[in-house]
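Visitor: Numbers in our numbering are just positions in the sequence shown, counted from 1, shifted up by 10.
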Amino acid sequence: AGPPRTSGRRGYTAVLIVPTGIGAAVGGYAGDALPVARALAAVVDVLVTHPNVLNGAMLYWPPPNALYVEGWALDEFAQGRLGLRAVRRNRIGLVLDSGIEPELRLRQLQAADAARATLGLDVGAWTLTDKPVDAELALAPSGASWGTLRCPETLVRASRRLVEEAGCTAIALVCRLPDVPGDSAELEAYRQGAGVDVIGGVEALVSRLVARRLRLPCAHAPALEVLPPAAGVSPRAAAEELGFTFLPCVLANLHAAPALCAPASGVDGELFAADVDAVIAPAGACGGAAVLGLAARPHVLLVAVEENASLMAARPELLGLGGGGGGAQSGHSHFEWAEGVSCRGGCRHTRWQHALHLEHSAESLFPVCRHRAQRPVREAAAVARSSCAHDSVSSAGWSSPSLSLSTLAAVFLPLP
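1) Relative to the C-alpha of L104, which candidate in G134, T23, L64, P188 has its C-alpha closest?
2) Suppose you measure from the CA of D42 to the CA of R246; what does that come to, to the nearest Å?
3) Which class does P238 belong to by DSSP, given the choice of helix, strand or coil?
4) Nearest chain C C-beta to E146 closer than 7 Å, yes or no?
5) If you scan the segment 219-300 from start to end, which runs of the alpha helix (DSSP H) of 4 or more residues do you find wholly inside it?
6) Per the DSSP calculation, L69 is bridged to which residue(s)?
7) Could you give the distance in angstroms between the alpha-carbon of L281 and the alpha-carbon of A24?
8) Based on Cα-Cα distance, which residue from E316, C296, N318, S244 lies nearest to D85?
9) Any chance the segment 295-314 sits against the segment 262-274, with 3 or more Cβ pairs inside 8 Å?
10) Is it right to say G130 is buried, meaning 16 or more other beta carbons lie within 10 angstroms of its own, or is it exposed?
11) Taking the alpha carbon of G31 as the point to measure from, which residue in G177, P142, A204 has its own alpha carbon closest?
12) Output yes or no for whether 7 Å exceeds the beta carbon distance between A305 and L331.
13) Rounded to whole angstroms, what's the CA-CA distance from R160 to V54? Just pull it up for me.
14) Apart from the five residues on each side of it in sequence, which residues of its chain come closer than 8 Å, Cβ to Cβ, to L224?
15) With a CB to CB cut of under 6 Å and the five nearest residues on each side skipped, what residues in its chain are close to P73?
16) Express the C-alpha separation of W71 and A96 in angstroms, rounding to a whole number.
17) Buried or exposed, going by whether 16 or more other CB atoms sit within 10 Å of the CB of G279?
18) Start and end of the beta strand (DSSP E) containing R186?
19) Quick check on this structure: which residue in H60, R101, L183 has the alpha carbon closest to the alpha carbon of I110?
20) Report the option in V79, V46, P45, N75 whose CA atom is closest to the CA atom of T59.
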């Protein structure tokens, strides 16, 4: 049933972690973990998570009680070396890689202007790096993505300029990353919902570098060549097919991202690792600093999610985790744990069934598909080359749809 709640000043606090670039079944694409984050946020008082979970390229829908924390800062928070301080709003500075082509650069600036005009975000200033960042992509033997930055210090200099000269309190970074050839097997697999995000690893390097050096909230959006449209792209990959930029979600999430503060400063509105009740991660990805730091704390429950398969094999039992006061719990899905939390009470359980029914059920997304045309849909699925491993709806909750509506259109729309 889980440990007793801690005395955290913000009530029940959970940390949701899905590392980037490891081919996670939930969280391996831009924004596909967002429904999970919203469901978990509905049953806890505070949800601490990171850009890979909340970023959806052109799409975003952050829960009001979610804290958007960059990966390095999340590691430091989990180890007790940093706290998180609530802010009303950030003044966001935009750093553009000087290696971005002029037309693509203009698209980033238009996205920032649109965020200012339509969302009311304070994007206070922007600057170019003094030389191209020159990022390179690579894959580890495990298949997970990583990379290198040939000129990393140019990002730090540009970011510091925005902080010192324009008073920015959060930094959005946009680097020109290498384009994966449109006819490559890796890209095709990814667009079909089965590949690894080959840019995820190097993106993490970019944001970790600036966050560590400046100790500010920051996040990265890649600048990439726009791909030609293709029918049948997996819904999980569809957010990355929209528009010319991935920047809108980063700006929207940085707007109220918490400031980083010294541990145990005693100021109201701050959150520390001692306030955390649970940490939730893929069952095979429990070897990161954030999970290890939190799982070692008394009364922190480690929830290892079995259905969120990935390329990693760092399971809690192999790492000796779960021996503390909080213990470890293996759950089939995120929703299984969330429903258990809601049943125990003490959290925002009155919202749980409503959130699950209206926001996170595939039946509400595809009512015609499930109730009126099950056989044609099964036939369409057989020819759609859908490769999502989690295609079904169980009593535990929602899973990412694998069928593209462009594939289903022939089933549901009358022929001319």
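Yeah, the Cβ is synthetic: ideal placement off N, Cα and C, and Gly gets one too.
Guide: Reading off the structure:
1) In the sequence shown, counting from the first residue as 1, residue 104 sits at position 94. The candidate whose alpha carbon is nearest that of L104 is G134.
2) The residue labelled residue 42 in the question sits at position 32 within the sequence shown. The residue labelled residue 246 in the question sits at position 236 within the sequence shown. Their backbone Cα atoms lie some 6 Å apart in a straight line.
3) Locating residue 238 in the sequence shown gives position 228, counting from the first residue. Three-state result, P238: coil.
4) The structure shown contains no chain C, having only a single protein chain.
5) 245-248, 257-264
6) Here residue 69 refers to the residue found at position 59 of the sequence shown. Beta-bridge pairing links L69 to G66.
7) As a first step, residue 281 must be located in the sequence shown, where it is residue number 271. As a first step, residue 24 must be located in the sequence shown, where it is residue number 14. Whole-angstrom Cα-Cα distance: 12 Å.
8) Within the sequence shown, the letter at position 75 stands for residue 85. D85 has its Cα closest to that of C296, out of E316, C296, N318, S244.
9) no
10) Numbered from 1 along the sequence shown, position 120 holds the residue referred to as residue 130. Classification for G130: exposed.
11) Sequence index remark: in the sequence shown, residue 31 carries index 21 (1-based). Out of G177, P142, A204, A204 has the C-alpha closest to the C-alpha of G31.
12) Numbered from 1 along the sequence shown, position 295 holds the residue referred to as residue 305. Numbered from 1 along the sequence shown, position 321 holds the residue referred to as residue 331. Cβ atoms of A305 and L331: closer than 7 Å.
13) Start at 1 with the first residue of the sequence shown, and residue 160 comes out as number 150. Start at 1 with the first residue of the sequence shown, and residue 54 comes out as number 44. If I take the Cα positions, the gap works out to 42 Å.
14) Taking the sequence shown and counting its residues from 1, the one referred to as residue 224 is at position 214. Around L224: V166, S169, R170, V173, I181.
15) For the purposes of this step, residue 73 is taken as residue 63 along the sequence shown, with counting starting at 1. Only R48, A51 meet the Cβ criterion.
16) Within the sequence shown, residue 96 is the residue found at index 86, counting from 1. Within the sequence shown, residue 71 is the residue found at index 61, counting from 1. In a straight line, the C-alpha of A96 is about 19 Å away from that of W71.
17) Position 269 of the sequence shown holds residue 279. By the neighbour-count rule (16 or more Cβ atoms within 10 Å), G279 is not buried but exposed.
18) Residue numbering aside, residue 186 sits at position 176 when the sequence shown is read from its first letter. R186 -> beta strand (DSSP E) spans 180-186.
19) For the purposes of this step, residue 110 is identified with residue 100 of the sequence shown, where counting begins at 1. It is L183.
20) Translated into positions along the sequence shown, residue 59 becomes position 49. The candidate whose alpha carbon is nearest that of T59 is V79.
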